[in-house]
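Student:
2 protein chains.
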Amino acid sequence: MKIIFLGTSAAVPTATRGLASIAIRRGGEVLIFDAGEGMQRNFLLAKLGINQKMKLFITHMHADHCVGILGLLQTMTLLGRNKKLDIYGEPRLHEFISQNIRVIKFGLSFNLDIHIIDKEGVIVKESDYQVSCCRSEHSVPSYSFSLQEFDRPGIFNVAKATKLGVPKGNLFHKLQHGEDIIHNGMIIKSVEVVGPKRRGRKIGISGDTRPSVELERFFANSDVLIFEATYTQDKYQNAVNTFHSTAIEAASLAKASKSDKLFLTHFSSRYKDPSILLDEARTVYENVELAEDLKTVIIPYTR
Amino acid sequence: MKIIFLGTSAAVPTATRGLASIAIRRGGEVLIFDAGEGMQRNFLLAKLGINQKMKLFITHMHADHCVGILGLLQTMTLLGRNKKLDIYGEPRLHEFISQNIRVIKFGLSFNLDIHIIDKEGVIVKESDYQVSCCRSEHSVPSYSFSLQEFDRPGIFNVAKATKLGVPKGNLFHKLQHGEDIIHNGMIIKSVEVVGPKRRGRKIGISGDTRPSVELERFFANSDVLIFEATYTQDKYQNAVNTFHSTAIEAASLAKASKSDKLFLTHFSSRYKDPSILLDEARTVYENVELAEDLKTVIIPYTR
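In order, the protein sequence lines correspond to chains Y and H. FYI, in this note's numbering the residues of the first sequence are -8 to 294. FYI, in this note's numbering the residues of the second sequence are -8 to 294.
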């Protein structure tokens, strides 16, 4: 699994940072969180694939998080996508897309399934992962998302099982899934031939929000938390007034949620050098980095 | 007067070229032609000024020419514009802006006057210039634009007029505006004290179009013609099918219209190096250059 930041500026783009968008590539699929204006450019540069299996999640319907949907859909059409695209967001997402397709009159070369989010909980459940949403605290209806992989059985030691005389088939399956067996009058324990369970990874994405106890719970034990850090602490009142977070608040929430690693993103364009946000965050939480446009992060199994 | 190219790619942005947008700065005002997705980024980098007197013209309502309006309006609001903004385009422009303002719910910090273009002719007349439109040949209703400065009187040689004994006031005014006068029994000719008339400059902007005789007339005697050159000549049939022009067609039209200088823009993203378009254009017309994002061109008085 890898994370590729496609846009890391808040509200207004800068010379080096486009508007909000994050891609996660895992298991042959691309999951995109937010599509700020112009994100298709980094999407193309990152070579994420026009015709990949793909889902797009929109945290909220502010222009700097959703306007890029239009260009992305059009470019996918121009470049010949034919696989269905699933897109998730609050009710106005449907109106935004359908009105613009009608007014700008652009056809799509693929089916677009718009899934309206109207409550918290699991919104996508695939065989090996799920995506959940939690209301965030912003000036318009907005959601944070988490991607949670399901735990997988440990690695099965085929050679050892074969050496113990276990035949392939049903008994292999039982051992792999944690059952002890009796074979040729001998007890063979699952733990003898199966490594420790591989814990699924969890990635949290805040969208725009004030910090909250709900989000602290929602992001509990994330392998990676990507949290907005619009402001330095001296602009705390701006953060409160505009329903955003400071870098220190993001770091405090990462710590409180026992997340392993924090990426700060969504920086106010007033910070020519956002390393001041990193410095502030480090005063409360060590394992933190700044997101950069097109920065790619490989997420290993760590627990 | 200077021209600043804000986006020069057709349909899909590339690493170095954003979507269609051209700015002209003259006399304390900024005129912008088209606003493809993401153009606000180069608009900000070019430091054109958030609160300038400004007019925005949209050639047609394809996403790659109009989606950038939304981000531009929002950024202007965030950065505190308070001067009225005039925007010109075909009827769907009004629907595009009003629907998106309603759905994405973004307020504006300034008045927006949307002027609907429904016929050819002069659409803006200021004291020193006018902007006209002409239907272009594209797959949707679309317009080309021309900016025409009015001729100005020649430079008045105050010292010489004074030396000839002409008093300031009415007689100055008459001489300045081409009238000969009799003063102290002496005939003084306007041409003795006034330089040659300064011809206004004319800039033509094609938008997306097939070449046509109408456009050749419309762009007649331009100082600068900015014409789309989506394709090389071997893709002539693509140009016909998609209502675009080849570089050679753009050059031929520049030549036929007796334009002084041609800039090619709106290059298909298939051309990693669009200099092939320049080479082709040069086979029929010498004074031609490629537009580049953020390239700035000063337009002198040349005639």
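By construction, the Cβ of each residue, glycine as well, lies at the ideal position given by its N, Cα and C atoms.
Would Y/I95 pass as an interface residue toward chain H - the criterion being a Cβ-Cβ separation below 8 angstroms?
Tutor: It does; some Cβ of chain H falls within 8 angstroms.
Student: Inspect the beta-carbon positions of H/T287 and H/S236 and report whether they are closer than 8 angstroms.
Tutor: It is not a contact, given that the beta carbons lie outside the stated cut-off.
Student: Three-state secondary structure (DSSP) at Y/A220?
Tutor: Residue state, collapsed to three classes: coil.
Student: Which stretch, first to last residue, makes up the beta strand (DSSP E) that contains H/E111?
Tutor: Element bounds for H/E111: n/a, residue is neither H nor E.
Student: Which runs of the beta strand (DSSP E), 3 residues or longer, sit entirely within the segment 158 to 213 of chain H?
Tutor: If we require 3 residues or more, the beta strand (DSSP E) runs fully inside the segment 158 to 213 of chain H come out as 172 to 174, 177 to 179 and 193 to 196.
Student: Would you say H/T223 lies against chain Y (beta-carbon separation less than 8 angstroms)?
Tutor: Taking Cβ atoms only, chain Y never reaches closer than 8 angstroms to H/T223, which makes this a no.
Student: Per DSSP, which residues does H/V131 bridge with? Please list them.
Tutor: Per DSSP, none; premise fails for H/V131.
Student: Quick check on H/T237: does DSSP put it in helix, strand or coil?
Tutor: Of the three classes helix, strand and coil, the one that applies to H/T237 here is strand, per DSSP.
Student: So, under 8 angstroms CB-CB, Y/L39 and Y/V58 are touching, yes? Tell me the CB distance rounded to an integer number of Å.
Tutor: Not quite, the Cβ-Cβ distance comes to about 19 angstroms (not below 8 angstroms), so this is no contact.
Student: Would you mind working out which of H/K252, H/S266, H/K249 and H/L36 sits nearest H/T221, comparing C-alpha positions?
Tutor: Cα-wise, what sits closest to H/T221 is H/S266.
Student: Rounded C-beta distance between Y/N33 and Y/G9? I'm assuming under 8 angstroms.
Tutor: Right, the Cβ-Cβ distance comes to about 6 angstroms (below 8 angstroms), so this counts as a contact.
Student: Under a CB-based cut-off of 8 angstroms, is Y/M52 close to chain H?
Tutor: So yes, Y/M52 belongs to the interface.
Student: Along chain H, which residues have their Cβ under 9 angstroms away from the Cβ of Y/Q31?
Tutor: The answer, in chain order, is V3, P4, E28 and G29.
Student: Going by the C-beta, is Y/P187 closer than 7 angstroms to any heavy atom of the ligand PLP?
Tutor: Within the structure as shown, the ligand PLP is missing, as the structure has no ligands at all.
Student: Counting only beta-carbon atoms, is Y/Q139 nearer than 8 angstroms to chain H?
Tutor: Not one chain H Cβ lies under 8 angstroms of Y/Q139.
Student: Are H/A11 and H/A37 touching if we call contact CB-CB under 8 angstroms?
Tutor: Cβ atoms of H/A11 and H/A37: not closer than 8 angstroms.
Student: Leaving out the 5 sequence neighbours to the left and right, which residues in its chain are closer than 6 angstroms to Y/F296 when beta-carbon positions are compared?
Tutor: Since the first and last residues shown for chain Y are -8 and 294, residue 296 of chain Y lies out of range.
Student: When the distance is taken between beta carbons, is H/A247 closer than 8 angstroms to H/V279?
Tutor: Result no, Cβ atoms of H/V279 and H/A247 do not sit closer than 8 angstroms.
Student: Provide the residue span of the alpha helix (DSSP H) that contains Y/M67, from first to last.
Tutor: Start and end: G59 to L69.
Student: In this structure, what does DSSP give as the bridge partners for Y/T287?
Tutor: Partner(s): Y/I(-5).
Student: Out of curiosity, what's the CA-to-CA distance linking Y/P291 and Y/D142?
Tutor: If you take the alpha carbons of Y/P291 and Y/D142, they lie about 14 angstroms apart.
Student: Would Y/D264 be called buried (16 or more neighbouring beta carbons within 10 Å of its own) or exposed?
Tutor: The residue in question, Y/D264, is exposed, as its Cβ has fewer than 16 Cβ neighbours within 10 Å.
Student: Could you say which of Y/A2, Y/D25 and Y/K(-7) lies nearest to Y/S197 if we only look at CA atoms?
Tutor: Answer by Cα proximity: Y/D25.
Student: Bridge partners for H/A1 per DSSP, in chain order?
Tutor: H/A1 is bridged to H/S259.
Student: Would you say H/G62 faces chain Y, with C-beta separation under 8 angstroms as the test?
Tutor: H/G62 counts as touching chain Y.
Student: Y/R72 lies in the beta strand (DSSP E); which residues open and close that run?
Tutor: Neither: Y/R72 is in no beta strand (DSSP E) and is coded neither H nor E.
Student: Can you give me the C-alpha to C-alpha distance between Y/F210 and Y/K249, rounded to a whole angstrom?
Tutor: Roughly 8 angstroms between the two C-alpha positions.
Student: Kindly list, in the order they appear in chain H, the residues whose Cβ is closer than 7 angstroms to that of Y/Q90.
Tutor: By Cβ distance, chain H contributes Q90 and V94.
Student: Closer than 8 angstroms between beta carbons: that is the criterion. Which residues of the segment 68 to 79 of chain H meet it against chain Y?
Tutor: Taking 8 angstroms as the Cβ-Cβ cut-off against chain Y, the residues of the segment 68 to 79 of chain H that qualify are L69 and L70.
Student: Taking buried to mean at least 16 other C-beta atoms within 10 Å of its own C-beta, is Y/R83 buried or exposed?
Tutor: By the 10 Å Cβ count, Y/R83 comes out buried.
Student: Which of the residues in the segment 246 to 275 of chain Y, read from start to end, lie with their CB under 9 angstroms from any CB of chain H?
Tutor: Hits within the stretch, in order: S260.
Student: Strictly below 7 angstroms CB to CB, what residues from chain H border Y/E86?
Tutor: Under the 7 angstroms cutoff, chain H gives V94.
Student: How about Y/S133 and Y/T50: are their beta carbons less than 8 angstroms apart?
Tutor: In contact: Y/S133 and Y/T50 (Cβ atoms closer than 8 angstroms).
Student: Since Y/D214 contacts Y/I194 with CB under 8 angstroms, what's their CB separation in whole angstroms?
Tutor: That pair is a contact at about 6 angstroms.
Student: For the candidate residues H/L69, H/K75 and H/G19, whose alpha-carbon lies nearest to that of H/K(-7)?
Tutor: Of the candidates H/L69, H/K75 and H/G19, the one whose C-alpha sits nearest the C-alpha of H/K(-7) is H/G19.
Student: Kindly indicate if chain H contains any beta-carbon less than 8 angstroms away from that of Y/C57.
Tutor: Taking Cβ atoms only, chain H reaches closer than 8 angstroms to Y/C57, which makes this a yes.
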